[in-house]
Amino acid sequence: MDDELKKIFVGAVRPETTERIGVMSVDSFHRQWVPVVAEDGYLVAKARNGKTALLGRVCKRDDGKFCLEVMVRAEIENNKLRHYEFWYVDPADEQRHSRRLDMVMRDHISM
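Numbered according to this note's numbering, the sequence shown spans residues 106 to 216.
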């Protein structure tokens with residue numbers, strides 16, 4: 106794990122989650138994603154190929170390894186986020202999480 110990822114994942118108490126679809130290991134995250142902003146236990150990232158963005162919750166798996174639980178994922182088309190997918194999010198919170206992803210990615214979408 107490189108220093109940038111250590112700052113994001115290590116040091117704070119993280120909620121536990123189980124290994125399942127939508128829960129990504131730190132190694133998988135590092136291979137496929139670039140962190141954009143990390144705050145309050147959440148991480149916004151952009152795919153290395155520039156086609157997708159996500160908002161996830163930084164967690165620890167039940168085996169003690171750090172991971173990212175994907176909450177919202179969206180495709181990047183014509184410099185806008187589209188086709189939102191929600192994972193493990195209460196329907197009442199979907200709009201709040203998609204808005205957070207939009208706000209953060211607004212300045213990073215064409216990078």
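Beta carbons are placed, not taken as given, at the ideal position from N, Cα and C, and that holds for glycine.
Check: Reference E180, options R166, D167, A150, closest by Cα; Outcome: A150
Check: Supposed close pair V194, M210 - CB separation, criterion 8 angstroms; Outcome: Not confirmed; about 17 angstroms, so no contact.
Check: Beta-carbon separation (whole angstroms), R153 vs Q137, contact threshold 8 angstroms; Outcome: 6 angstroms
Check: Cβ separation of K170 and S130, assumed to be a contact under 8 angstroms, to the nearest whole Å; Outcome: 7 angstroms
Check: Coil, strand or helix - V209 by DSSP; Outcome: helix
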